[in-house]
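Numbering (my numbering), first residue to last: 4 to 336.
Ideal Cβ positions, reconstructed from N, Cα and C, are used throughout, including at glycine.
Just so it is clear, the structure is predicted and the values come from calculations on it, not from any experiment.
What follows is one structure encoded as structure tokens, with my remarks underneath.
Here you go:
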């Protein structure tokens, strides 16, 4: 006895709902457009979807803010007690002191970075594409020495951005001032902890999410400039503070261009780590009364060291664009 509607086998069974939510391919159940007759023997690839690529980082940013706030509140209740939480002036005094301690640096960095890391790796693992390829973790198309040229040039982006912004903004914002005080307060034997939590971890995690998961997919569907801009805006929003977000937007665009032309996020990671490391060293070398000056000795040092590297990097990136082969994102289509 036969049945007209047999039970679905593995090939026809729909994917899990969670995998469908973050999958990069088109929705199940919707047949792909038929291939032209001349290419009838070639498989038709499903078009990559954009909305999960944008939704995942937005949800991660929101959850990161919630978790970071909860961690600070719990730390305040445990370390200072409910009285401090009920008095705003006492709370801000406690908070500034707390951030200059190792446990404060841990609270300000680890919860948010953990959320971003889980978002990038989790969504990539649920993708039908191998997760290393999905995140742009490839050797790339450029020699490794090019990576170091890009990395040395990267602080120049921040220097120029800060110099231009200082002519339009009279106040760089309380959050940036607090961040500078935090980085400047950790010296001596505690300095490696600052490099770990402020430079190394964010440099890896944020690139995995924004240049890896987001930009790699957007490049498969959108013009390069649009894809880089969207991923950079999301990267800037993740810094929460409006002024800080505005200042890191050009940095995000620079690292997006590097990842795009190198066909790998690894050089962008190196750029990010070097940029944050230089920022830490600046806060260690500059005294507090030099913060508002237009140019310090360290700024001149950055200009002299990173300026030539930027010229070389622009040339290398231009040449990479001329001789580029298929990008990682094009192979994902």
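Check, Outcome
"Contact the stretch 131-148 vs the stretch 85-95: 3+ CB pairs below 8 Å", "no"
"Closest by C-alpha distance to residue 254, when choosing among 237, 105, 267", "237"
"Option nearest residue 299 by Cα separation, candidates 162, 224, 244", "162"
"Nearest candidate by alpha-carbon position, reference residue 257, set 80, 247, 81, 231", "231"
"Boundaries of the alpha helix (DSSP H) in which residue 89 is found, first to last residue", "85-89"
"Whole alpha helix (DSSP H) elements within the stretch 129-191, 4-residue minimum", "134-137, 147-168, 177-188"
"Reference residue 222, options 262, 310, 116, 193, closest by Cα", "262"
"Beta carbon of residue 281 nearer than 8 Å to that of residue 158", "yes"
"Sufficient close CB pairs (3 or more, under 8 Å) joining the stretch 116-131 to the stretch 50-66", "yes"
"Rounded Cβ spacing between residue 123 and residue 212 (contact assumed at less than 8 Å)", "4 Å"
"DSSP three-state assignment for residue 53, whether helix, strand or coil", "coil"
"Which of helix, strand or coil DSSP assigns to residue 289", "coil"
"Beta carbon of residue 276 nearer than 8 Å to that of residue 190", "no"
"Alpha-carbon to alpha-carbon, residue 228 and residue 192", "43 Å"
"Cβ-based burial, residue 146 [other Cβ within 10 Å; buried from 16]", "exposed"
"contact_flag[the stretch 169-189, the stretch 102-113] where n(CB pairs < 8 Å) is 3 or more", "yes"
"Near the ligand ZN: residue 62 beta-carbon under 7 Å from a heavy atom", "With respect to the ligand ZN, the structure offers nothing, as it holds no ligand at all."
"Buried versus exposed call for residue 173 [16 or more other C-beta atoms within 10 Å across all chains shown]", "exposed"
"Continuous alpha helix (DSSP H) stretch holding residue 233: start and end", "227-240"
"Where residue 94 sits in the DSSP three-state scheme", "helix"
"Cβ pair residue 250, residue 164 closer than 8 Å", "yes"
"Cα-Cα separation between residue 200 and residue 321, rounded to whole angstroms", "33 Å"
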